[in-house]
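S.K.: Please read through the structure below; I'll follow up with questions.
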Amino acid sequence: MVLALLASTAGAQEADDVDDNGSDGYTPSEAVAHETLRLTGYIDVGFAVAEGNGSSFAAGDIRLPADYGVDAFAPAVNSRGDVASTDTRGLFTNGFLPRSVGIGNRPSFLLNTGSVDLRFAPASVPVLVFMRLQVMPRFLPTGDATRVDLQQAFGRLIPFASHEFAVSLGKFDSVFGIEYLENEANLRTGITPSLIARYTTGQSLGVKAFYRLQFPDLWSALSLNIAATASGTRIEALSTPHQSLTGVPVGSARLGYELNLQKVQAKLGVSGLYGPRNDQTNREVKQLAVGGDLRLSLYGFSVLGEIVRLVDEPGIAAGKLTGQGLAELASGFTVTGFYVTAAWTLPFSAGHLEHVTLYGRYDHRRAKFEGFGQVEVDRFTAGLRLDVFGQLAIKAEYLVNREIAGAPNVPNDVFTSSAVFSW
Amino acid sequence: MRVMACLAAALAACSPTHPVRAERHPTAALVHSARALETLADFHPDFFVTLAGEPLPFHPTPGARAAEDGWTVQPAFARGQPAAYVVSELWVAHPDPWIQPVYILMNATGELVRQKADDGRVVPIVFGVGEESTFYSPYWQAILVRAQPAPPDGLPDTRAVLEAATELVEGAKPLCPITPEGFGLARAGGAAVHPLTQTPLKPVSGGRVRIDGATAAYIDFGLDRFLVTAGGLVLPTRIFFFTRMVNGQRTLLELPAVLANNAVRSGYARRFDVVLDHETVFVPAGGQWAAVRARLGAAATDPAIPTEVANAYALRVAKTSTCFASAATFPMGCDWLDSESAIDLLEPRRIIRTEVTMTAVPLLFAGEAL
């Protein structure tokens, strides 16, 4: 049945097969299906423990909204950026919260994500259909909070065989920066996302185009990734990707350059975003972001970094809408943040142990809600990753979260680990 | 053409409707509006603030002008008696405010006593949120902070307070608007008074406060002067303003408002417009009231009504004017709209809830200066 649903989008040129099957719906022949359909995915099983009460909210800090004066995203426990807790001790918040796994400070196993990718790419036409369906089992103080998310669903067309040019329509990854490339646990070197991932790694609904121009003589390429989407590049917890609340799309783009030598690769890019805030309904209220990114890879070492500056204009009417519900007001907001990640894949393997990678990351974030004090935080992350059997990644990392200014000091360091089984 | 028309209609149908613009005006913004002669929520520019040198509204002395910038003392009625209040914040189409923390540094040990500098002045308090915030409100939850002696200029922000704290004790709930330096009640000189009855009002005082590293001034209107839910949401009471329908539009009249029966304990109020129909306004006899009488189209009144009585009822709304004609029947023969209870007896359609809320702090209530 699933195969039938997927294949029904395949195209008119395969109509003859419908007749051959003699059924009401279209079902590809087994041979065609094997050729064009791929089913992949992963499960991410975690184990984590956080300090304090698992959140960034300090006892005694009763400023409201509680999520304006701290970094609630700091105690992340998995690759989704979910935190150990968002327990504010009953204080009012205003739509600037991550999703939570609700473990507080209790050590716990977690089924972070069960993810299924369906990819249908017939050889005869330059079209790809892709869906990523994810299940996140969760339990919160309010009871079961399991979510099922159609994280991506798009069709991609490559209209010219002679050009590296693709147009995608549907719900897809961000085009801003580089961290979205590691959104999924099976792709990310470490476990947790950076402190600026919330602004750049969200999926959204719309249209995007990608074009790459190769310069073989220079071992180089230039690329442009540009999108017009409902919400921009923020994660769904902060801004719904599933419809435009203003009627005007948000534009985002990245211009990239890459140098691909035999032992050394370097990639750098600049990104931008501009359009209405999609957490409120007035099209005159804008969001603006600029960013830069750099990736270097040489002799088993890789270093990558990204910097972002984002400005949200204040909303002009009551009401703020996020992926997590209705809040009161869309306040003006500014943030500047960056991270630098270094990873070293040790030059040995042993039997089924294919890779051993050490990695570390430094994050820094400075943010300010209109009228609130500036919150400055940073984070040191250190971790180890083992790749075995070609389909299992075992990762463990420790996050040292520090409140530098604005936010009260709070115990919110995290140890987290993850076993990612890919298939 | 038809296709284009349909497309245009479809686009129009798709255009999002914009909700009412949310506005917030703390005292500094009210001062700014007074300087710019801006009308806010249909209120005259000097309704909230009277600038130094400007005429004092309602003041019986011709030419009386404010000595300094200050909140305009507004006459009102409450529970059938003259009252007075000031408005320190105004919000339009804005969610109700939340209570915010004020941290008060106390001795590290022993009796809970405020920390003082060597010169005897108390160490400044710390507000959790400044007036630039969307979520600023003058309604505070006091947190008494036991800590080692702080510098004379206090601790800069919430983070510093919580780092220094050895114990936190929940205190009372003061009402303290942030103000420009040297701000207070608008007055001609001497004590501020009720503008119609000349009843003296208590002076207001404040102090210095630290907010996110900066220093500001505030006025302290005292404790327990607002209502708040257990979750920290400030609850509005009602304040009634009189209006008339003019050319189909509800038009605000320059008359004293009517405060809610619980206004003393509820300084956060939502504006309700009371649409007058056949009611009339009592304007005392005498030349100084002639212009007001003409403007309001008020009925003639008996000059024999004693001035003291007339002033106590000046600009009060009555259901009919027949009782104004004789000092013998005035004021007991009148049916006044001078209390929340009396207004609630009107037809409900004449009492209109608005999107305007304000900090309306009573200074005189039930004959008592607060």
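Sequences listed follow chains P and C, in order. Its first residue numbered 81, the first sequence is counted upward by one per residue in the numbering used here. Its first residue numbered 37, the second sequence is counted upward by one per residue in the numbering used here. Backbone N, C-alpha and C fix where the C-beta goes; we use that ideal spot for every residue, glycine too. Here the structure is a predicted model, which is why all the values come from computation and not from measurement.
Give every residue of the same chain whose Cβ lies closer than 6 Å to the Cβ of residue 104 of chain C, excluding the five residues on either side of it in the sequence, and list them in chain order.
M.R.: On the second sequence, residue 104 of chain C is found 68 positions in, with the first residue counted as 1. If we look at residue 104 of chain C and ignore the five residues flanking it on each side, its Cβ neighbours are 88.
S.K.: Is there contact here, the segment 139 to 146 of chain P with the segment 433 to 446 of chain P, by at least three beta-carbon pairs under 8 Å?
M.R.: With a cut-off of 8 Å, the segment 433 to 446 of chain P and the segment 139 to 146 of chain P do not count as touching, because too few Cβ pairs lie within range.
S.K.: By DSSP, does residue 341 of chain C sit in helix, in strand, or in coil?
M.R.: The count along the second sequence starts at 1 and reaches residue 341 of chain C at position 305. If DSSP states are grouped into helix, strand and coil, residue 341 of chain C belongs with coil.
S.K.: Between the beta-carbon of residue 213 of chain C and the beta-carbon of residue 124 of chain C, is there less than 8 Å?
M.R.: Taking the second sequence and counting its residues from 1, the one referred to as residue 213 of chain C is at position 177. Taking the second sequence and counting its residues from 1, the one referred to as residue 124 of chain C is at position 88. The answer is yes: Cβ separation under 8 Å.
S.K.: Taking only runs of the beta strand (DSSP E) that begin and end inside the segment 301 to 379 of chain C, which ones reach a length of at least 3 residues, in chain order?
M.R.: Taking only runs of at least 3 residues, the beta strand (DSSP E) segments lying wholly in the segment 301 to 379 of chain C are 304 to 311.
S.K.: Given a threshold of 16 other Cβ atoms within 10 Å of its Cβ, counted over all protein chains shown, does residue 285 of chain C qualify as buried or as exposed?
M.R.: One-based indexing of the second sequence puts residue 285 of chain C at position 249. By the neighbour-count rule (16 or more Cβ atoms within 10 Å), residue 285 of chain C is not buried but exposed.
S.K.: Are any of the Cβ atoms in chain P nearer than 8 Å to that of residue 57 of chain C?
M.R.: On the second sequence, position 21 is the one that residue 57 of chain C refers to. So yes, residue 57 of chain C belongs to the interface.
S.K.: Taking only runs of the beta strand (DSSP E) that begin and end inside the segment 73 to 144 of chain C, which ones reach a length of at least 3 residues, in chain order?
M.R.: With a minimum length of 3 residues, the continuous beta strand (DSSP E) runs that stay inside the segment 73 to 144 of chain C are 110 to 114, 117 to 128, 136 to 142.
S.K.: Please name the residue or residues paired with residue 170 of chain C in a DSSP beta bridge.
M.R.: As a first step, residue 170 of chain C must be located in the second sequence, where it is residue number 134. Residue 170 of chain C is not bridged to any residue.
S.K.: How long is the line joining the alpha carbons of residue 259 of chain C and residue 176 of chain C, rounded to whole angstroms?
M.R.: For the purposes of this step, residue 259 of chain C is taken as residue 223 along the second sequence, with counting starting at 1. For the purposes of this step, residue 176 of chain C is taken as residue 140 along the second sequence, with counting starting at 1. Cα-Cα distance, rounded: 9 Å.
S.K.: Relative to the C-alpha of residue 344 of chain P, which residue among P:367, P:314, P:135, P:375 is closest?
M.R.: Within the first sequence, residue 344 of chain P is the residue found at index 264, counting from 1. Of P:367, P:314, P:135, P:375, the residue nearest in Cα terms is P:375.
S.K.: Which of the three DSSP states, helix, strand or coil, is assigned to residue 338 of chain P?
M.R.: The residue given as residue 338 of chain P occupies position 258 in the first sequence. Strand, per DSSP.
S.K.: Would you list, in sequence order, the uninterrupted beta strand (DSSP E) runs of no fewer than 3 residues that lie entirely inside the segment 158 to 240 of chain C?
M.R.: As far as the segment 158 to 240 of chain C is concerned, its whole beta strand (DSSP E) runs of at least 3 residues are 161 to 163, 176 to 183, 201 to 206.
S.K.: Is residue 188 of chain P near residue 492 of chain P, with beta carbons less than 8 Å apart?
M.R.: For the purposes of this step, residue 188 of chain P is taken as residue 108 along the first sequence, with counting starting at 1. For the purposes of this step, residue 492 of chain P is taken as residue 412 along the first sequence, with counting starting at 1. No. Outside cutoff.
S.K.: Specify, as a first and last residue, the run of the alpha helix (DSSP H) that residue 64 of chain C falls within.
M.R.: Indexing the second sequence from 1 puts residue 64 of chain C at position 28. Element bounds for residue 64 of chain C: 63 to 71.
S.K.: Where do the ends of the alpha helix (DSSP H) carrying residue 253 of chain C lie?
M.R.: Taking the second sequence and counting its residues from 1, one reaches residue 253 of chain C at position 217. Run containing residue 253 of chain C: none in the alpha helix (DSSP H); it sits in the beta strand (DSSP E), 250 to 256.
S.K.: Starting from the beta carbon of residue 144 of chain P, find every residue of chain C whose beta carbon is closer than 7 Å, and list them in chain order.
M.R.: Looking up residue 144 of chain P in the first sequence gives position 64. Ordered by position in chain C, the residues that pass the 7 Å Cβ test against residue 144 of chain P are 134, 136, 171, 268.
S.K.: For residue 179 of chain C, which residues in chain P fall below 8 Å Cβ to Cβ?
M.R.: Along the second sequence, read from residue 1 onward, the residue named residue 179 of chain C stands at position 143. Within 8 Å Cβ-Cβ: 140, 142.
S.K.: So what does residue 251 of chain P bridge to, in DSSP terms?
M.R.: Within the first sequence, the letter at position 171 stands for residue 251 of chain P. Answer by DSSP bridge pairing, in chain order: P:233, P:285.
S.K.: Compile a chain-ordered list of the residues in the segment 141 to 167 of chain C whose CB is closer than 8 Å to at least one CB of chain P.
M.R.: So the close ones are 164, 165, 166, 167.
S.K.: Identify the contact partners of residue 194 of chain C in chain P, using a Cβ-Cβ distance below 8 Å as the criterion.
M.R.: Position 158 of the second sequence, counting from 1, holds the residue named residue 194 of chain C. In chain order: 141, 143, 149, 453, 488.
S.K.: Could you check what DSSP says for residue 85 of chain P in three-state terms: helix, strand or coil?
M.R.: As a position in the first sequence, residue 85 of chain P is number 5, starting the count at 1. Since pLDDT at residue 85 of chain P reaches only 33, below the 50 mark, its modelled position is unreliable, and no value is offered.
S.K.: Quick one: does residue 68 of chain C have its CB under 8 Å from some CB of chain P?
M.R.: Reading the second sequence from its first residue, position 32 is the one you call residue 68 of chain C. It does not; no Cβ of chain P falls within 8 Å.
S.K.: Does the Cβ of residue 351 of chain P have 16 or more other Cβ atoms within 10 Å, making it buried, or fewer, making it exposed?
M.R.: Position 271 of the first sequence, counted from the start, is the residue given in the question as residue 351 of chain P. It is buried - the Cβ of residue 351 of chain P has at least 16 other Cβ atoms within 10 Å.
S.K.: Indicate whether at least one CB of chain P lies closer than 8 Å to the CB of residue 210 of chain C.
M.R.: The sequence position of residue 210 of chain C within the second sequence is 174, counting from 1. No, residue 210 of chain C lies away from the interface with chain P (no Cβ there is under 8 Å from its Cβ).
S.K.: What number of angstroms, rounded off, separates the C-alpha of residue 156 of chain C from the C-alpha of residue 316 of chain P?
M.R.: Within the second sequence, residue 156 of chain C is the residue found at index 120, counting from 1. Within the first sequence, residue 316 of chain P is the residue found at index 236, counting from 1. Distance between the alpha carbons of residue 156 of chain C and residue 316 of chain P is about 54 Å.
S.K.: Across the segment 319 to 337 of chain P and the segment 290 to 306 of chain P, are there enough close Cβ pairs to call them in contact, namely three or more that are closer than 8 Å?
M.R.: Yes, since at least three Cβ pairs between the segment 319 to 337 of chain P and the segment 290 to 306 of chain P fall closer than 8 Å, the two stretches touch.
S.K.: Taking the DSSP output, what are the residues bridged to residue 124 of chain P?
M.R.: Along the first sequence, read from residue 1 onward, the residue named residue 124 of chain P stands at position 44. BP columns for residue 124 of chain P point to P:193, P:500.
S.K.: To the nearest angstrom, report how far apart residue 401 of chain P and residue 325 of chain P are at their CA atoms.
M.R.: In the first sequence, the residue the question calls residue 401 of chain P occupies position 321. In the first sequence, the residue the question calls residue 325 of chain P occupies position 245. Their backbone Cα atoms lie some 9 Å apart in a straight line.
S.K.: Mind checking if residue 450 of chain P is an interface residue toward chain C, Cβ cutoff 8 Å exclusive?
M.R.: The sequence position of residue 450 of chain P within the first sequence is 370, counting from 1. Interface residue, yes.
S.K.: Thinking C-alpha only, which one of C:256, C:148, C:241, C:225 is nearest residue 181 of chain C?
M.R.: Taking the first residue of the second sequence as position 1, residue 181 of chain C is located at position 145. Checking every option, the nearest Cα to that of residue 181 of chain C belongs to C:148.
S.K.: At the 8 Å Cβ level, is residue 394 of chain P part of the contact set with chain C, yes or no?
M.R.: Residue 394 of chain P sits at position 314 when you count from the first residue of the first sequence. Judged by the 8 Å Cβ criterion, residue 394 of chain P is in contact with chain C.
S.K.: So, at 6 Å on beta carbons, what are the nonlocal neighbours of residue 120 of chain P in its own chain, with the 5 sequence-adjacent residues on each side left out?
M.R.: Against the first sequence, residue 120 of chain P aligns to sequence position 40. The answer, listed in chain order, is 197.
S.K.: Does residue 409 of chain P get closer than 8 Å to chain C when you measure Cβ to Cβ?
M.R.: In the first sequence, residue 409 of chain P corresponds to position 329, counting from 1. Yes, residue 409 of chain P counts as interfacial toward chain C.
S.K.: Tell me, to the nearest whole angstrom, how far the beta carbon of residue 319 of chain C is from that of residue 351 of chain C; I am working on the premise that it is less than 8 Å.
M.R.: For this step, residue 319 of chain C is matched to residue 283 along the second sequence. For this step, residue 351 of chain C is matched to residue 315 along the second sequence. The pair is a contact, with the Cβ atoms about 7 Å apart (cut-off 8 Å).
S.K.: Any beta carbon of chain C sitting closer than 8 Å to that of residue 170 of chain P?
M.R.: The residue labelled residue 170 of chain P in the question sits at position 90 within the first sequence. So yes, residue 170 of chain P belongs to the interface.
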